[in-house]
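Numbering (the numbering used here), first residue to last: 83 to 362.
In what follows, a single structure is set out as structure tokens and then discussed.
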Ligand code: HEC
Ligand code: HEC
């Protein structure tokens with residue numbers, strides 16, 4: 083009798099301990115689903131995650147990337163960071179209105195557009211293995227979340243908050259800050275090294291990418307950099323963004339980023355590459 087009671091108490095303690103561990107995990111990452119589905123869908127999700135992490139080197143995505151950046155270079159921790167251009171909950175926002183393409187776009191379209199601009203590459207065909215598996219991975223990260231399509235812009239519920247009431251950005255102050263806070267990783271010449279990606283120049287994002295805009299870059303830096311030490315105040319983020327974007331980077335011309343017509347799938351946009359090269 084006594085022994086049973088003791089066992090019951092032990093059981094309670096053990097059970098309590100387990101649920102506490104579960105809670106702690108939840109607090110760290112409330113939105114990340116734990117289980118990848120079985121079978122081919124699970125394979126696609128795992129492949130998508132691999133492509134997001136190793137975009138420049140994976141044989142499937144490599145042909146479509148034109149710089150040294152992987153998706154995870156900006157969508158930190160394969161998009162599971164809650165703040166830095168998070169992929170969590172993103173699939174709930176699509177199809178969404180896109181002011182840039184002047185039409186309603188799908189999640190797949192949004193992914194492919196990042197290939198053309200942020201990765202300075204060629205748009206993979208809609209429906210290709212690259213496109214579908216990355217969409218599968220990002221959609222999996224929205225498991226159990228409510229659909230809330232975005233009628234204003236192609237952005238999910240954790241999108242980087244855009245800085246408002248912008249003060250004047252000062253690139254000279256930014257240069258000093260860059261050498262103090264950034265150069266140790268991205269190098270004084272902005273070209274980075276094996277572990278740290280280039281932040282300007284031919285191997286960085288092109289001037290049609292979101293981050294090529296000073297306010298957007300500042301907004302992202304505020305929540306993402308310095309890596310693991312995101313303590314910039316708004317003015318510092320702006321000054322740094324002005325400095326980083328004062329350097330040369332590839333020029334975006336839409337027609338140079340479209341595949342041959344027969345490999346296009348569908349380009350869901352009202353922009354025509356032939357006459358929209360001026361459209362950023
Ligand atoms: C140079 C940085 C950079 C790279 C590299 C990059 N992206 Fe992005 N991407 C962004 C930024 C910035 C946004 C806007 C995010 C926001 O507002 O939270 C964005 C938005 C997105 C969105 C829409 C997010 C939303 O909230 O709706 C998707 C999907 C996406 N990117 C996929 C990708 C994929 C897939 C790759 C790799 C092929 C990639 N991106 C590479 C910077 C980048
Ligand atoms: C401790 C090293 C470290 C420091 C310090 C650091 N970064 Fe980064 N940064 C990284 C890494 C690593 C990535 C890519 C993230 C990944 O792959 O996980 C990155 C990504 C970036 C990107 C997006 C990808 C690209 O190359 O364009 C920009 C922009 C950037 N950092 C700017 C800055 C700025 C500005 C500072 C200074 C405020 C800074 N970083 C400080 C390591 C660092």
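Just so it is clear, CB atoms sit at the ideal spot from N, CA and C, and this is done for glycine as well.
As the structure is a prediction and not an experimental result, all values here were calculated from the model.
The beta carbon of residue 189 sits closer than 6 angstroms to the beta carbons of 173, 176 and 217 from its chain, once the five residues preceding and following it are set aside; these are given in chain order. The beta carbons of residue 303 and residue 323 sit closer together than 8 angstroms. Residue 326 has its Cβ no nearer than 7 angstroms to any heavy atom of ligand 1. Set against 7 angstroms, the gap from the CB of residue 238 to the closest heavy atom of ligand 1 is smaller.
Between the alpha carbons of residue 164 and residue 181 lies a distance of about 25 angstroms.
Proximity of the beta carbon of residue 340 to ligand 2 is not indicated: no heavy atom of the ligand is located closer than 7 angstroms.
Its Cα nearest to that of residue 248, the residue 319 stands out among 279, 319, 289 and 214. In terms of CA proximity to residue 256, 326 leads the group 326, 215, 345 and 129. In the three-state scheme derived from DSSP, where H, G and I count as helix and E and B as strand, residue 282 is classed as coil. Residue burial is scored here from C-beta neighbours: residue 275 has fewer than 16 other C-beta atoms within 10 angstroms and is therefore classed as exposed. Nearest Cα to residue 160 within the set 150, 149, 141 and 137: 137. Its chain contains 177 and 179 as the residues whose beta carbon lies nearer than 6 angstroms to that of residue 186, once the 5 sequence neighbours on both sides are disregarded; these appear in chain order. The stretch 125 to 132 and the stretch 206 to 220 touch, with no fewer than 3 CB-CB distances between them shorter than 8 angstroms. In the three-state reduction of the DSSP assignment, residue 186 falls in the strand class, which pools E and B.
Residue 328 is not bridged by DSSP to any residue. In the three-state reduction of the DSSP assignment, residue 178 falls in the strand class.
Nearest neighbour of residue 353 by Cα position, chosen from 242, 345 and 340, turns out to be 340. Cα atoms of residue 125 and residue 262: separation of roughly 43 angstroms, rounded to the nearest angstrom. Annotation: the continuous alpha helix (DSSP H) that includes residue 122 extends over 121 to 135.
Following the DSSP letters along the chain, one finds residue 301 inside the alpha helix (DSSP H) bounded by residues 296 to 306. Out of 141, 116, 151 and 171, the CA that lies nearest to the CA of residue 268 is found in 151.
Taken atom to atom, the span from the alpha-carbon of residue 139 to that of residue 286 is near 16 angstroms.
For residue 238, the closest C-alpha among the options 122, 230 and 202 is that of 230. Bounds of the alpha helix (DSSP H) holding residue 213 are 211 to 222.
Taking the C-beta atoms as reference points, residue 272 is found nearer than 8 angstroms to residue 281. Take the alpha-carbon of residue 266 and the one of residue 343: they are about 44 angstroms apart. Shown here, residue 146 sits in a helix according to DSSP, grouped into three states. Here the alpha carbon of residue 141 sits roughly 44 angstroms from the alpha carbon of residue 250. For residue 261, the enclosing alpha helix (DSSP H) covers residues 253 to 263. At least one heavy atom of ligand 2 lies closer than 7 angstroms to the C-beta of residue 286.
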